[in-house]
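Undergrad: Got a structure for you, written out below as structure tokens; questions coming shortly.
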Amino acid sequence: MPKDFKHLPSHTCPVHYDLHLCLDFIEFTYSGCVQISIEINEDTDELVLNSVDLDVLSASFNNIPTQSITYGNKSEQTVRLKFPCKLMGTCTSLSQKGTGCLCLNYRGQLSDRLRGFYRSVQRCRGAATSETPCALTMLCPTEARRLLPCWDEPQLKATFQVAVEIPSTCPRLTALSNMPEEERRDLPSQSCSQSEPMPARELVRFAKTPQMSTYLLAIVIGRFDCIETVCQDGVALRVFSPIGRSLQFYSELFGIPYPLPKLDLVAVPELAVGAMENWGLITYREAMLLVDENSSKFSMETVALVVGHEVAHQWFGNLVTMQWWTQLWLNEGFASWVEYLCIDHCYPEFDVWTRFIRNDFSKALELDCLDNSHPIEIDEIDEMFDAISYSKGAAVIRMLHAWLGEPAFRRGLQQYLRRHSYGNASTADLWLALSEASGQPVQQVMHDWIRRKGFPVISASLEPLPPPDSSQEASTRLQLRLRQSRFRSGQGPAVATASVGVQTELEKLDETEQLDGTAVSGERQAKMARISQNPVPDGNKFVSQHRSCSDLWRVPLLVQLSNEPEPRRLLLESAELAYPLPPSLSQLTDGHWLKLNWQCVGVFRVDYSDQMLDALVSALKRGKLGRRDRFNLQSDLFALVAYGKYFTVWSDLLANLSSVQVLAEQLGLTAAWHAFLSYLCWPAFQRLGWDFKPGESHDAGLLRGLLLTYLGQAGHAEVVAEALARFDRHASGQCRLEPDIRAGVYATAARHGGAAAFDRLLALLDSPARGNGFISSEEELRILRALGNTEDTDQIKRVLELSISPRVRQQDTPSVICSLCACGGLKARRLAWQFVKSRWPVLVSRYSGVFLLQRLVLGVCSGLCSAEDAEDLRQFFATNSAPSAARAVKQALETVQLRARLLSQDGHLIAQYLAGLRAAARDDCSDGQSTEADLLP
Numbered sequence: 001m002p003k004d005f006k007h008l009p010s011h012t013c014p015v016h017y018d019l020h021l022c023l024d025f026i027e028f029t030y031s032g033c034v035q036i037s038i039e040i041n042e043d044t045d046e047l048v049l050n051s052v053d054l055d056v057l058s059a060s061f062n063n064i065p066t067q068s069i070t071y072g073n074k075s076e077q078t079v080r081l082k083f084p085c086k087l088m089g090t091c092t093s094l095s096q097k098g099t100g101c102l103c104l105n106y107r108g109q110l111s112d113r114l115r116g117f118y119r120s121v122q123r124c125r126g127a128a129t130s131e132t133p134c135a136l137t138m139l140c141p142t143e144a145r146r147l148l149p150c151w152d153e154p155q156l157k158a159t160f161q162v163a164v165e166i167p168s169t170c171p172r173l174t175a176l177s178n179m180p181e182e183e184r185r186d187l188p189s190q191s192c193s194q195s196e197p198m199p200a201r202e203l204v205r206f207a208k209t210p211q212m213s214t215y216l217l218a219i220v221i222g223r224f225d226c227i228e229t230v231c232q233d234g235v236a237l238r239v240f241s242p243i244g245r246s247l248q249f250y251s252e253l254f255g256i257p258y259p260l261p262k263l264d265l266v267a268v269p270e271l272a273v274g275a276m277e278n279w280g281l282i283t284y285r286e287a288m289l290l291v292d293e294n295s296s297k298f299s300m301e302t303v304a305l306v307v308g309h310e311v312a313h314q315w316f317g318n319l320v321t322m323q324w325w326t327q328l329w330l331n332e333g334f335a336s337w338v339e340y341l342c343i344d345h346c347y348p349e350f351d352v353w354t355r356f357i358r359n360d361f362s363k364a365l366e367l368d369c370l371d372n373s374h375p376i377e378i379d380e381i382d383e384m385f386d387a388i389s390y391s392k393g394a395a396v397i398r399m400l401h402a403w404l405g406e407p408a409f410r411r412g413l414q415q416y417l418r419r420h421s422y423g424n425a426s427t428a429d430l431w432l433a434l435s436e437a438s439g440q441p442v443q444q445v446m447h448d449w450i451r452r453k454g455f456p457v458i459s460a461s462l463e464p465l466p467p468p469d470s471s472q473e474a475s476t477r478l479q480l481r482l483r484q485s486r487f488r489s490g491q492g493p494a495v496a497t498a499s500v501g502v503q504t505e506l507e508k509l510d511e512t513e514q515l516d517g518t519a520v521s522g523e524r525q526a527k528m529a530r531i532s533q534n535p536v537p538d539g540n541k542f543v544s545q546h547r548s549c550s551d552l553w554r555v556p557l558l559v560q561l562s563n564e565p566e567p568r569r570l571l572l573e574s575a576e577l578a579y580p581l582p583p584s585l586s587q588l589t590d591g592h593w594l595k596l597n598w599q600c601v602g603v604f605r606v607d608y609s610d611q612m613l614d615a616l617v618s619a620l621k622r623g624k625l626g627r628r629d630r631f632n633l634q635s636d637l638f639a640l641v642a643y644g645k646y647f648t649v650w651s652d653l654l655a656n657l658s659s660v661q662v663l664a665e666q667l668g669l670t671a672a673w674h675a676f677l678s679y680l681c682w683p684a685f686q687r688l689g690w691d692f693k694p695g696e697s698h699d700a701g702l703l704r705g706l707l708l709t710y711l712g713q714a715g716h717a718e719v720v721a722e723a724l725a726r727f728d729r730h731a732s733g734q735c736r737l738e739p740d741i742r743a744g745v746y747a748t749a750a751r752h753g754g755a756a757a758f759d760r761l762l763a764l765l766d767s768p769a770r771g772n773g774f775i776s777s778e779e780e781l782r783i784l785r786a787l788g789n790t791e792d793t794d795q796i797k798r799v800l801e802l803s804i805s806p807r808v809r810q811q812d813t814p815s816v817i818c819s820l821c822a823c824g825g826l827k828a829r830r831l832a833w834q835f836v837k838s839r840w841p842v843l844v845s846r847y848s849g850v851f852l853l854q855r856l857v858l859g860v861c862s863g864l865c866s867a868e869d870a871e872d873l874r875q876f877f878a879t880n881s882a883p884s885a886a887r888a889v890k891q892a893l894e895t896v897q898l899r900a901r902l903l904s905q906d907g908h909l910i911a912q913y914l915a916g917l918r919a920a921a922r923d924d925c926s927d928g929q930s931t932e933a934d935l936l937p
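The opening residue of the sequence shown carries number 1 in full-length UniProt numbering; numbering runs sequentially from there.
Written as structure tokens, this is what we have:
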């Protein structure tokens, strides 16, 4: 939607849409007839509706035809219907409000742009014709106007009844909409205009919907297999995997049964987003819904979370809808939090809350520390579908849930949903319900978290508790001193400089605790300690010298004391707070410690004093901190700069280290960096081994694949040799790879297997999987992303051309290009950026108005890091517009400028540090503790 949009005139409100569509899969067009029951509360001779790329052929109101039909400009996205008389006199009621029927006949195109009503191609399993066209909708946020002329604003809810005419085929096409099929019958062989013969057709009519917003209307037409079951409460559920547990969970959590008689979960060939929560008809990318015996544990987790997210929307978003798009976070932030609550209930073995911290919490803070971030609530619709609305919104809800407590939060949530069912609500409505249920000042506390960008860093230290009377002797008790200010990227110690302390501490943890928590040898710890002789800036200096009211938040805190079973709840409402500690914690000795942000539920960073940090590190080594607290500690320290472990901790650590890797590559120190990466990951991978072991944890399988990928990227000699051997057996059909290591083996083969392995990967992509006649979307994406690991110039160019070819679905093009930028090294990033520039008009044409353009810009540009790169970005986007991605361009440019500044200021320290890492790794190799001798030049 354009930034300068205007609301439609308020004198007209839709009540019911009766929509009839007739599809032509030969010309990829459709004709439509919609009869809209409307209420008019002000006499007018003109009606204004939203409409884009539709040709309105005729219109009438209560059988009075229009005098003229005109279209607004590109910014307005409207159609104006002018009538020869005032309309109130034609209405059924002549009171202050009249009702009437608006009838429109129109035509539209089934485009291939992944929005509105669009076409795609299904690759049918084992069918005589390998490709079959299908039609489907993606109407969020403001694309219903591409399906039919309508009042396309979320607060203008109405009921809908949909009927579609489709070709009669064998096998039959499946037609789906929000509600159950009510009628299906054959039609005469003629077109919708009844002027030309056409092949036999069918009419499918669906039941009337409840009141809902236009963006939730959905239609899917194609060939689909399904499994149907009936849930406990009688809801018909057609779905690939057993998801009924999520319906039951949400019904109990929200205190309201699922409102519709059926729920369809449909895997469609192409979708601009991972899934869309249309009421009663949720559409998914295939990889976001379908799993089988070749699916990795990571994919199974992802599918469970995505399904949980979209099912939650059936209440939170569909039953109660945000008042306007500025409150999008009410839909997406809440669903992004509650999906984890649901899956943790259904599959506790997944430990998804630890994954939340990595996937959502860290992602949100990484973006929100930029000056070009934005508040959770903003007005720019096309740019709000990002990590701030989703991930920061979810993190803020999680913080509020922990602060209020589960019983009060649940009561308030149920009250909010009951109060606004089938209507619209605002952020203030949610805060009111939660305040009433908890007795806490939710509105006052949460206002700044929603309306301002950024988040605080809290500096924590201990000091003697002042005596109540100045005449008394100093107390032996301690008080906790907290100070807050806004955390900004690029302030405080440089990332690369402080990395010395990060990796020193990481190695201490790595050698004092195995995956199962048992102690092992600490010889390498002593060697790594030599590196710490390099200067490390004082980490407790992150409180801004220029503090203002805009740098302060009301911060809910959960503070865990080592000698207490439950955390204490505090509220930091000012720049500073002094909190007396109990006498039992008079000193941080005898194993005592204190941790802010228990379980990482608060949306802030913590900068501990040396005394407090030493006590926490000691507690960590003794196994006193759980995974989420360990993760929180390393994540904060890396942002200030850090350390960590376990799959989610390793995942966050390696993602953080990737930012240093970009700098190392720019300095020509790639070999030294790879040596360190091998040294870091190899011991943990040795303990895990290559193959699944009976009884091993879910986490172990995830970690195995992660470490394998990074060791292959680093060129670890033993890993590369074994990966290539396993890839050869897999590609030749001798022995199939386990799903959890397949992505890592494919990536290693693409990077180190030369032209032969690269061509074999392409052959796997183009050949149906043995025995079932098709390749799954998950496997397809595995291969495409693996190809991005190549370092060969010609192969990089082949991958780039492949990315925009018909062989790759449009929805996957950004993923393929971005995989080169994430995995292929400096040369691949530069070539990808040049490719994107040369194909910019094509990419804008494809993705303008959908969220994929933002992801492409951030994925390609954020990996660049020189001053020349920054200037190139600035000049390119100064003359080439980026519709719906203007903020992403600013964020990418800011990231590149920060890295360029870091290289200029501290490049020599990075080089010095990497030299120390290489020396430590060499010493280990000479002692026979590792096998990296061949890869250390």
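For glycine and all other residues, C-beta sits at the position ideal for the given N, C-alpha and C.
Since this is a predicted model, take the numbers as computed values, not measurements.
1. Counting only the same chain and skipping the five closest in sequence on each side, list residues whose C-beta sits under 8 Å from that of V230.
2. For the 8 Å Cβ check, are there 3 or more pairs between the stretch 172 to 183 and the stretch 216 to 226?
3. Within a Cβ cutoff of 7 Å, which residues of the same chain sit near P9, ignoring the five residues on either side of it in sequence?
4. Would V842 be called buried (16 or more neighbouring beta carbons within 10 Å of its own) or exposed?
5. Would you check if the distance between the CB atom of D258 and the CB atom of T159 is smaller than 9 Å?
6. Tell me whether D264 sits in a helix, a strand or coil according to DSSP, three-state version.
7. Taking the continuous alpha helix (DSSP H) assigned at residue 940, which residues delimit it?
8. Quick check for students: name the residue ranges of the beta strand (DSSP E) that lie wholly in the stretch 147 to 234, counting only runs of 3 or more.
9. Return the Cβ separation of S776 and L290 in integer angstroms, given the expectation that the two are a contact with Cβ distance under 8 Å.
10. Could you check what DSSP says for H752 in three-state terms: helix, strand or coil?
11. Roughly how many whole angstroms lie between the Cα atoms of L800 and R839?
12. Start and end of the beta strand (DSSP E) containing A236?
13. Nearest-angstrom Cα distance between P565 and L577?
14. Buried or exposed for P556, please, with buried defined as at least 16 other CB atoms from any protein chain shown within 10 angstroms of its CB.
15. According to DSSP, is K363 part of a helix, a strand, or is it coil?
16. Identify, in the order they occur along the chain, each residue of the same chain with its Cβ nearer than 8 Å to the Cβ of S848, setting aside the five sequence neighbours on each side.
17. If we count the other Cβ atoms within 10 Å of its Cβ and call it buried at 16 or more, is I796 buried or exposed?
18. From which residue to which residue does the alpha helix (DSSP H) around Q634 run?
19. Measure the alpha-carbon distance for L585 versus L260 and round it to whole angstroms.
20. Could you give the distance in angstroms between the alpha-carbon of H698 and the alpha-carbon of R751?
21. What separation, rounded to the nearest whole angstrom, lies between the Cα atoms of L596 and F604?
22. Go ahead and pull the three-state DSSP assignment for N105.
23. For the candidate residues D590, W553, V559 and W593, whose alpha-carbon lies nearest to that of S574?
24. Roughly how many whole angstroms lie between the Cα atoms of Q891 and S373?
25. Expressed to the nearest angstrom, what Euclidean distance is found between the alpha-carbon atoms of A619 and D691?
26. Please tell me whether E153 and T99 are closer than 9 Å, where the distance is taken between their beta carbons.
27. Would S120 be called buried (16 or more neighbouring beta carbons within 10 Å of its own) or exposed?
28. Applying the criterion that 16 or more other CB atoms from any shown protein chain within 10 Å of the CB defines a buried residue, is N73 buried or exposed?
29. Which class does T879 belong to by DSSP, given the choice of helix, strand or coil?
30. By Cβ distance, which residues of its chain are closer than 6 Å to T209, with the 5 residues on each side in sequence left out?
31. Going by beta-carbon coordinates alone, are G695 and A747 separated by less than 9 Å?
32. Would you kindly work out how many angstroms separate the C-alpha atoms of A886 and A639, rounded to a whole number?
33. Rounded C-beta distance between S295 and P739? I'm assuming under 8 Å.
34. Can you tell which of R483, Q810, Y579 and G317 has the C-alpha that lies nearest to the C-alpha of L465?
35. For Q67, collect the residues of the same chain with a Cβ closer than 7 Å to its Cβ; drop the 5 residues on either side in sequence, then sort them by chain order.
36. I want to know whether the stretch 848 to 866 touches the stretch 340 to 349 - three or more CB-CB distances under 8 Å.
TA: In short:
1. A236 and L237
2. yes
3. V48
4. exposed
5. The sequence shown places Tyr at residue 258, not Asp. No, they are not a contact pair.
6. strand
7. Absent from the structure is residue 940, since the part of the chain shown begins at 1 and ends at 937.
8. 159 to 167, 174 to 177, 181 to 187, 201 to 206, 219 to 222 and 228 to 230
9. 7 Å
10. helix
11. 10 Å
12. A236 to R238
13. 23 Å
14. buried
15. helix
16. P883 and S884
17. buried
18. R627 to L640
19. 55 Å
20. 28 Å
21. 10 Å
22. strand
23. W553
24. 7 Å
25. 33 Å
26. no
27. buried
28. exposed
29. helix
30. T159, F160, N178 and M179
31. no
32. 26 Å
33. 6 Å
34. Y579
35. K82, F83 and P84
36. no
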